[in-house]
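Please read the structure below before turning to the comments.
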Amino acid sequence: MGLMRSLLAFLIYAHLVLGASTFQPLGVPFRSPVSTAPGFSAHIIFSNLTTPRGITFDSKQNLLVVERGFGVTAFSPVSSPSPGWERAVVIQNPNFTQGIQVDGEKLYVSTAGDTFLYQYNAATKSVASQTNPITVVTGIPPDGDLTTHTLQLERDTKGKATALLIATGPLENIDVTARDPSSGRSQIRRFVLPSSQSSLPLQWSNGQVIAFGIRNPAGFAFAPTLPGGLAPTGPLASRALFVVENGASIDNVTGLTSAFVNDNPADELEFVTYPTKLTGVSGVKIPAPKSYGFPDCTTLWNGSADPVGDPQFVGKPRGYQFSLNLEPSRGDAFCHDTANNQPPSLSFQSHSVPLDIKFYTPSFPPVKAPAFPASAINQAFVSFHGSFDRTPPTGYGVVRVPSPFGPQTNKDLGYAFLVQASNLTGCPSCTSIRPVGLAFGSDGRLYVSSDSSGELFVVERT
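What the sequence shown shows, in mature numbering (1 follows the signal peptide of the UniProt record, and there is no 0), is residues -19 to -1, 1 to 443, in sequence order.
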């Protein structure tokens, strides 16, 4: 009898927690004001969430959100009791970190050490089993400073998901083990999805390393218009990926002053190409994965940040590669050799903390507002989480990147804010937006999660 009572209590609890939905009307203000670029506006769709991070849309245009420390929730626009948004709990699991992808009835999410697959119903915003997901990849390094493990599905020309990309961060801020691609740290690995789930789980150690030496590959997206972007090219069926990377904190690096590191190093946008056909290609050498320099090499943002304390950087251009001199054999010459270090395609203001990137690729011509304009098609949008140790603070917004390859000079950033917190005074101990996840809806609007403020908001053309 006691067991039955316990089971009944659990079922009632599960119904209340997982079956219930909550509502928020339109018109709720931001916790702190934001400013938008001319011709755009931003509006809250939901507030008081539990650390919202990764976001994506399902086949019914429900916005799925990883609320870190809680689980996965779904958000849908409703007209009753008044125009607003409804939040439904899809999965309750406090171990989910950030990664989330949807492929029809398959919902992929990441924890610190594994990637799971749930059978998902978009019509009911529910999964077949709360407690028995399928483990897709196991053995991901679960420790270290950054364990968010961003996910990205790779699809063929017909839209079928064929592989899963998974990112890992470093063991520590400056992690020398990341030099070795076999370490599993600060890299992206690719896993071909088997035709039968009986072949799962896949082991992290068996994944294809497609890039390493990327300190924290927090967000990535396939290039929409370049060879290898949406369609594989060449005999190796190569793909092209853009990755946003957070630069290391170099406060304790010998020989660099506090004034210099206040404005250096740059955060980065990396351009990664990798083969997907690894067998049966006669006469074509399979290229080894490239290193993007971490932990030895980094990127200059402001060479004149401290002309007295660090005069060696004065006159050097933005994007200049320099060594942290962790070892005598890995100096600037080492970092200037692309065999050791692939430089970024674009640099971002130091301490911006980019966490996601999405390209605007609408399936319909964006004729009128609120959809983004046609001029934004194939442009990139990047979330800046914001600085935690820079004076004055920077970031705290979403930027528009017309071209991920620049041009960029000391005077031309190569990007501009689309939306940003209006007042950064006191940040990061503030209530301003701290954008994380990005997703374009079928309505042509950009949806954004803000973790520390607990908000979801949308940016649209006016």
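Each residue gets a CB set at the ideal place from its N, CA and C atoms; glycine is no exception.
| query | result |
| --- | --- |
| Anticipated Cβ contact below 8 Å, T37 with Q82, distance rounded | 6 Å |
| Nearest-angstrom Cα separation, counted from K349 out to S2 | 32 Å |
| Inter-residue Cα distance where the pair is F398 and G425 | 18 Å |
| Endpoints, the beta strand (DSSP E) within which C278 is located | C278 to T280 |
| Chain-order list of residues whose beta-carbon lies under 6 Å from that of V295 (same chain, five-residue window excluded) | G284, S285 and P288 |
| Three-state class that DSSP yields for S230 in the structure shown | coil |
| Straight-line gap, G236 to N227 (C-alpha atoms, nearest Å) | 22 Å |
| Helix, strand or coil at R160 according to DSSP, with G and I counted as helix | helix |
| Counted within 10 angstroms of its Cβ, other Cβ atoms place D137 as buried (16 or more) or exposed | exposed |
| Buried versus exposed call for residue 447 [16 or more other C-beta atoms within 10 Å across all chains shown] | It is not possible to answer for residue 447, since the shown part of the chain is limited to -19 through 443. |
| Top-ranked residue by Cα proximity to L183, from L174, F77 and I191 | L174 |
| Contact check, A247 vs R196, beta carbons under 7 Å | no |
| Close-in-space but distant-in-sequence residues of the same chain around M(-16) (CB under 8 Å, 5 per side omitted) | Interpretation of M(-16) is limited by its pLDDT of 39, a score under 50 that renders its predicted location unreliable; the figure taken from the coordinates is listed afterwards. If we look at M(-16) and ignore the five residues flanking it on each side, it has no Cβ neighbours. |
| Pair within 7 Å by beta-carbon distance, L327 and L437 | no |
| Cβ neighbour criterion (16 or more within 10 Å) applied to I267 | exposed |
| For R415, the nearest candidate out of S423, S433, G407 and F421 (CA to CA) | S433 |
| Collapsed DSSP secondary structure at V242 in the structure displayed | helix |
| Helix, strand or coil at residue 444 according to DSSP, with G and I counted as helix | The structure shown has nothing for residue 444, since the chain only spans -19 to 443. |
| Inter-stretch contact at 8 Å, needing at least 3 Cβ pairs: the region 394 to 414 / the region 357 to 376 | yes |
| Chain-order list of residues whose beta-carbon lies under 6 Å from that of T206 (same chain, five-residue window excluded) | N359 |
| F369 in three-state terms, based on DSSP | coil |
| Alpha-carbon spacing of A148 relative to G407, whole angstroms | 32 Å |
| Best match in S344, G85, F77 and N43 for proximity to R68 [C-alpha to C-alpha] | N43 |
| F193 and P216 closer than 7 Å at C-beta | no |
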